[in-house]
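Participant: Using full-length UniProt numbering, read the sequence shown as starting at 1 and increasing by one per residue. Every residue, glycine too, gets a C-beta built ideally from N, C-alpha and C.
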Amino acid sequence: MTTSIASRLAKLNPRQREAVKAIDGPCLVLAGAGSGKTSVITTKIAYLVQECGMSARRIAAVTFTNKAAREMKERVGQMLKGREAHGLRVSTFHTLGLNIIRGELKALGYKPGFSLFDPEDAKALLRDLMNKDAQVDADQINRVQSVISNWKNDLVLPGQALSHAADEDELFAARVYEAYVRHLKAYNAVDFDDLILLPVTLLRDDPEALARWRRKIHYMLVDEYQDTNVSQYQLVRMLMGERATFTVVGDDDQSIYAWRGARPENLVTLGEDFPRLNVIKLEQNYRSTGTILRAANTLISNNPHVYEKTLWSDMGQGEAIRVVVNRHEEAEAERVASEILTRRIKERAEWRDFAVLYRGNFQARLLELKLQHYQIPYKLSGGTSFFSRNEIKDAMAYLRLLINPADDNAFLRIVNVPRREIGPGTLEKLANYATERGASLFAACHELGLAEQLPARAVERLGRFTHFIDGVRRRMDGGDAIAAIRGMLHEMDYEAWLYQNASAPTIAERRMANVWTLVDQLEKSMRADPDEESPSTDTETDDVEAAISRLVLRDILEQQAEEDDSDRVQLLTMHASKGLEFPHVYLMGLEEELLPHRNAIETGSVEEERRLAYVGITRARRTLTLTLARQRKAYGEMMDCTPSRFLDELPEDALEWEGRADREDPDKKQARGQDAIAGLRSLLG
Ligand code: ATP
Ligand code: MG
């Protein structure tokens, strides 16, 4: 045994070691937060490579978020040296699916260069399809989108959806589903759910493809298994087949994706599908102080349990959990920011040692302002980066089409932006025609034969669009490319389109400003071209092309730089915090209707919210601070808030209250008042 893996194994506890060494059949590690489940996965990858001689390229590890995948890669990278890790797949389920699709385009009937529709793209397509019959509102579109998404996650194909439809609404959705799938295919596009659905149906229906992938992947490891949905489970099952060489780890108390079709019952199904399943439980928590762990355990004991798990820690009791009540949400944000500032100095901590978690992204807005005010560097996860903004994606698509008219994805993105009344029917026929001729969509628009396939009006509209683009390209060739691009944006009145589509004029204004920023950046980038010796007009378009590529690249690099262990406070939703840990954690907004969320209260799914709170609490290693506001702005008005019921479910003696509400019911108030007095007395000795 190489020394490195031997010493790794020696650091594990006996149960963890057993889980690492169980490699012949299916293995499930079922254990609470911070018990080393992810550590088992990373060590096991090293064990498979260094001890069992398995090639890293035959191993696929899957986890839930990109962030978690990055972390896992990093942890494995510390154990495997250079070549040893070569070809190892560590990714989210969706990235694994994307790779399978990329490798199987032909078998799937897709052309190279397919596009991935994000939920907004998909919504736009649904809107077009649904508007054909009658005017539909945004709510209807959202409902249909979510019904279709659920079907896809449950592996229900369009042909079967009709019989699955439970009511009128679903019958309607089933009909849209069929057209939606057909159109996606015509656009050579897949949506987010397809990233799992397509691989699963392919592996199920195509024995050769199945054999290919089983030769490629010999061992699979799945983290956060409690959050897999039916289609993801099937993907693992198909890939591993009879050999069942896999390890999955999970914690049913951390299942927080029911709304995305996650089935914690998969934990039970696993035992039925694989009778040889080796179930290993871990009980020692290595992450949190005794106080934090006790609070988490007490909270989650209010949920019913399929599996009883005990969790203990020998990290010492640590500090009490502080609960800070604030006057209003702004005071709450101010408090968190100023505390991080002082605590960092007091604890000699780094910025990265702090994380602020919240229920919804909107809660980060005020906090961002306060952090900026104190010049505290922070990283917002899940926020929208410049290049993922819709207006920037549109502008980039125009730029891409200008430099490469064969870019079908760019063409599809903007052919109807601003609206040119070129409908999905027209595009479908255009796509078919283009495919037959082996031409790009843009080139196909120029062909005379198209007139036989499409009504004259559609041909004319397409012609007007291509003529417009051709004109801009000529002007770019002929002189000042940047002026031509600015002129294009004015001429098509992109600004008016933004105003039509924004819920408020200020939003449209900001979006347009973003687009101009992009053009300015492009201009700067052209001037700064280091390869440029003597600017001459006939290389102008090449310059633009190079400048555009540089823009894209810079965005990617900047994102990567951000992903580095740069020293910043982490701001993220509780959902996004899964699997991560931080020395100091702030959990904001412990109020009824926020945590538990109002929708969950209304639909009776408070248990899932409790699990979410459990996830949040168990991210903390040394200190945990819970904050809440007495008033919060909602629907433009200041509303009174009630402290979260979860606060009452925490062990009272583990908490240290500050600014406890003086506006609640007198009984409670009195009881708490006495606590405060007792607290003061103990403070004063
Ligand atoms: P979660 O449920 O939150 O995903 P987890 O079960 O995956 O948690 P890990 O993240 O693997 O837990 O481990 C939690 C912490 O405990 C990590 O900092 C890890 O390095 C440490 N740890 C795990 N096992 C041991 C061990 N045997 N000895 C010391 N530290 C350990
Ligand atoms: Mg983990």
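#1: Taking the DSSP output, what are the residues bridged to L246?
#2: Spell out a yes or no on whether the segment 632-648 and the segment 589-597 are touching, meaning 3 or more CB-CB pairs, one atom from each, closer than 8 Å.
#3: The ligand MG heavy atoms versus the CB of K346: any closer than 6 Å?
#4: For the segment 98-176, list the alpha helix (DSSP H) runs that are entirely contained and at least 4 residues long, ordered along the chain.
#5: Would you mind giving the Cβ-Cβ distance between L412 and S115, rounded to the nearest angstrom? I have them listed as a contact below 8 Å.
#6: What did DSSP end up calling D529 once you bin it into helix, strand or coil?
#7: Which stretch, first to last residue, makes up the beta strand (DSSP E) that contains A456?
#8: Could you spell out where the beta strand (DSSP E) holding Q631 opens and where it closes?
#9: Compute every distance between the C-beta of S288 and the non-hydrogen atoms of the ligand ATP, then say whether any falls below 6 Å.
#10: Please give the ranges of any beta strand (DSSP E) in the segment 257-324, keeping only runs that are unbroken, at least 3 residues long and fully inside the region.
#11: Using the DSSP secondary-structure output, state which residues sit across from H584 in a beta bridge.
#12: Give the residues whose C-beta lies closer than 6 Å to at least one heavy atom of the ligand MG, in chain order.
#13: Tell me which residue opens and which closes the beta strand (DSSP E) that I45 is part of.
#14: Could you pull the start and end residues of the beta strand (DSSP E) that R89 belongs to?
#15: Tell me whether the beta-carbon of N285 lies closer than 7 Å to the beta-carbon of L311.
#16: Could you tell me the distance, in whole angstroms, from the CA atom of Q375 to the CA atom of E329?
#17: Assess contact between the segment 93-100 and the segment 166-181, defined as three or more Cβ pairs (one per stretch) separated by less than 8 Å. Is contact present?
#18: Is any heavy atom of the ligand ATP found at a distance shorter than 6 Å from the C-beta of A33?
#19: What are the start and end residues of the beta strand (DSSP E) that includes K393?
#20: Less than 7 Å separating the beta-carbons of I56 and T63?
#21: If distances are taken between C-alpha atoms only, which option among L448, E509, T92 and D543 comes closest to M476?
#22: Identify the residues that DSSP records as bridge partners of I345: which are they?
#23: Please name the residue, chosen from E452, Q453 and V415, that lies closest to A124 on a Cα-to-Cα basis.
#24: Less than 6 Å between the CB of residue 716 and some heavy atom of the ligand ATP, yes or no?
#25: Looking only at its own chain, which residues have a Cβ that is under 7 Å from the Cβ of I5, when we skip the five neighbours before and after it?
#26: How is I601 classed by DSSP in three states: helix, strand or coil?
#27: Evaluate N142 with the Cβ neighbour count: other Cβ atoms within 10 Å of its Cβ, from every protein chain shown; 16 or more gives buried, anything less gives exposed.
#28: Counting only the same chain and skipping the five closest in sequence on each side, list residues whose C-beta sits under 7 Å from that of H86.
#29: Please name the residue, chosen from A138, I256 and L126, that lies closest to S149 on a Cα-to-Cα basis.
#30: Taking one C-beta from the segment 190-201 and one from the segment 25-44 each time, how about it: are there three or more such pairs within less than 8 Å?
#31: For S313, count the other beta carbons within 10 Å of its own beta carbon; 16 or more makes it buried, fewer makes it exposed. Which is it?
#32: Look at the Cβ atom of D394, then the Cβ atom of L401, and state whether they are nearer than 7 Å.
#33: Of all the options A547, A502, Q16 and R83, which has the alpha carbon lying nearest to the alpha carbon of L518?
#34: Is the segment 9-17 touching the segment 279-299, taking contact as three or more C-beta pairs under 8 Å?
#35: Which word fits H467, buried or exposed, when buried means at least 16 other C-beta atoms lie within 10 angstroms of its C-beta?
#36: Pull up the CB-CB distance for R619 and L571, whole angstroms please, since I reckon it's below 8 Å.
Facilitator: In brief:
#1: The sequence as given places Phe at residue 246; Leu does not occur at that position. The secondary-structure analysis by DSSP pairs F246 across a beta bridge with M220.
#2: Verdict: yes, contact present.
#3: No, the Cβ of K346 stays beyond 6 Å of every heavy atom of the ligand MG.
#4: DSSP runs (the alpha helix (DSSP H)) wholly in the segment 98-176: 105-108, 119-131, 138-153 and 158-164.
#5: Yes, they are in contact, since the Cβ atoms of L412 and S115 sit about 7 Å apart, within 8 Å.
#6: Confidence is the limiting factor: at D529 the pLDDT is only 45, short of 50, which leaves the residue's position unreliable and the question unanswerable from this model.
#7: It is not in any beta strand (DSSP E) - A456 instead sits in the alpha helix (DSSP H) that spans A456 to G478.
#8: In the DSSP annotation of this structure, the continuous segment of the beta strand (DSSP E) that includes Q631 starts and ends at A620 to A634.
#9: No, the beta carbon of S288 sits no closer than 6 Å to any heavy atom of the ligand ATP.
#10: Entirely contained in the segment 257-324, the beta strand (DSSP E) runs reaching 3 residues are, in chain order, 278-282.
#11: Answer is F354 and T623.
#12: Selection output, chain order preserved: K37, T38, D223 and G579.
#13: In this chain, I45 is not harboured by any beta strand (DSSP E); it is covered by the alpha helix (DSSP H) spanning K37 to Q50.
#14: Start and end: R89 to T92.
#15: Going by C-beta atoms, N285 is nearer than 7 Å to L311.
#16: Going from the Cα of Q375 to the Cα of E329 covers about 20 Å.
#17: As far as the Cβ criterion goes, the segment 93-100 does not touch the segment 166-181, which means the pair count is below three.
#18: Answer for A33: yes, Cβ within range of the ligand ATP.
#19: First-last for K393: N390 to I403, but that is the alpha helix (DSSP H), not the beta strand (DSSP E).
#20: As written in the sequence, residue 56 is Ala, which differs from the Ile given in the question. Going by C-beta atoms, A56 is not nearer than 7 Å to T63.
#21: Answer by Cα proximity: D543.
#22: Bridge partners of I345: none, in fact.
#23: A124 has its Cα closest to that of V415, out of E452, Q453 and V415.
#24: Nothing can be reported for residue 716, as the shown portion of the chain is limited to 1 through 685.
#25: Excluding sequence positions up to five before and after I5, its CB lies within less than 7 Å of the CB of A46, Y47, Q50 and E51, all in the same chain and listed in chain order.
#26: The three-state reading of DSSP puts I601 in helix, counting H, G and I together.
#27: By the 10 Å Cβ count, N142 comes out exposed.
#28: Excluding the 5 residues flanking it on each side, H86 has same chain C-beta neighbours closer than 7 Å at A56 and R57, in chain order.
#29: Taking only the C-alpha atoms, the option nearest S149 is L126.
#30: No: fewer than three Cβ pairs fall under 8 Å.
#31: Here S313 is buried: its Cβ has 16 or more other Cβ atoms, across all protein chains shown, within 10 Å.
#32: No, they are not a contact pair.
#33: Measuring from the Cα of L518, the nearest candidate turns out to be A547.
#34: Verdict: yes, contact present.
#35: Per the 10 Å Cβ criterion, exposed.
#36: About 13 Å separates the CB atoms of R619 and L571; that is not less than 8 Å, and the two are not in contact.
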